[in-house]
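Working notes for the structure below.
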Amino acid sequence: MSLIIELTAFGPRSGGGEKPREWIKEQLIELSEGRIEVQILGNAESIVGLLPGYLPGNNPVLMIGGHYDTVGGPGANDDASGVATMLTIAEIMSIYSFNHTTRFIGLSGHESPPLYTYGSTAYVRRAYKEEENIVGVINLDMIGNTTKEGNVFQV
86 MSLIIELTAF GPRSGGGEKP REWIKEQLIE LSEGRIEVQI LGNAESIVGL LPGYLPGNNP
146 VLMIGGHYDT VGGPGANDDA SGVATMLTIA EIMSIYSFNH TTRFIGLSGH ESPPLYTYGS
206 TAYVRRAYKE EENIVGVINL DMIGNTTKEG NVFQV
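Count the sequence shown with the numbering used here and you get residues 86 to 240, in order.
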């Protein structure tokens with residue numbers, strides 16, 4: 086819960102923002118004790134953390150992430166909850182070695198009209214160009230959301 090509180094303390098994050106981006110980058114490095122390499126990608130400035138697999142060559146890639154931009158508010162549910170979950174998964178997975186590569190991604194530009202996909206589009210273009218072998222994507226968006234009807238829990 087503290088990761089959500091820390092991220093929402095930045096307030097509304099239209100387009101992402103430099104301070105939240107740097108905070109997420111630092112968290113990936115600190116929580117993994119430096120085992121995750123972090124870079125900022127494209128004009129949308131999405132965060133990409135790399136936990137390399139141990140197989141030689143073009144490893145299969147598992148992507149895990151959420152978006153860190155918001156619309157009109159601090160975004161505790163949409164989507165600090167997804168980013169906090171991604172950071173927690175990164176911390177746990179960084180202790181282990183895997184044959185596949187794992188990319189932990191904090192996308193920006195998700196909530197930006199008209200396309201709503203600036204961060205993910207930049208990532209996909211790069212992945213295509215580098216012939217990245219993506220075998221799975223876990224998109225963490227609005228973890229623990231409820232419906233307008235009330236007590237229906239969506240995971």
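Just so it is clear, CB atoms sit at the ideal spot from N, CA and C, and this is done for glycine as well.
For N218, which residues from the same chain have a beta carbon less than 8 Å from its beta carbon, with the 5 sequence-adjacent residues on both sides left out? If we look at N218 and ignore the five residues flanking it on each side, its Cβ neighbours are N143, N144, P145 and V146.
Range of the contiguous alpha helix (DSSP H) that encloses L225: Here L225 belongs to no alpha helix (DSSP H), and DSSP marks it neither H nor E.
Bridge-paired residues (DSSP) for R188: R188 is bridged to L135 and M148.
Closest by C-alpha distance to V133, when choosing among G158, K110 and G221: Measuring C-alpha to C-alpha distances from V133 to each of G158, K110 and G221 identifies K110 as the nearest.
Can you give me the Cβ contacts of S166 inside the same chain, cut-off strictly under 7 Å, excluding the 5 residues immediately before and after it? Its chain contains I89, M227, I228 and G229 as the residues whose beta carbon lies nearer than 7 Å to that of S166, once the 5 sequence neighbours on both sides are disregarded; these appear in chain order.
On the three-state DSSP scale, how would you describe I121? Looking at I121 - three-state DSSP - the assignment turns out to be coil, as it is neither helix nor strand.
Distance, Cα to Cα, I125 vs D163? The straight-line gap from Cα to Cα measures roughly 21 Å.
If you drop the 5 nearest sequence neighbours on each side, which residues of the same chain put their C-beta closer than 8 Å to that of S171? Strictly speaking, residue 171 in this sequence is Met, with Ser absent from that position. Taking C-beta separations shorter than 8 Å and ignoring five residues to either side along the sequence, the partners of M171 in its chain run I149, G150, G151, F189, I190, G191 and L225, following chain order.
Quick check: the Cα distance between A175 and V123, rounded to an integer number of angstroms? One C-alpha to the other measures close to 12 Å.
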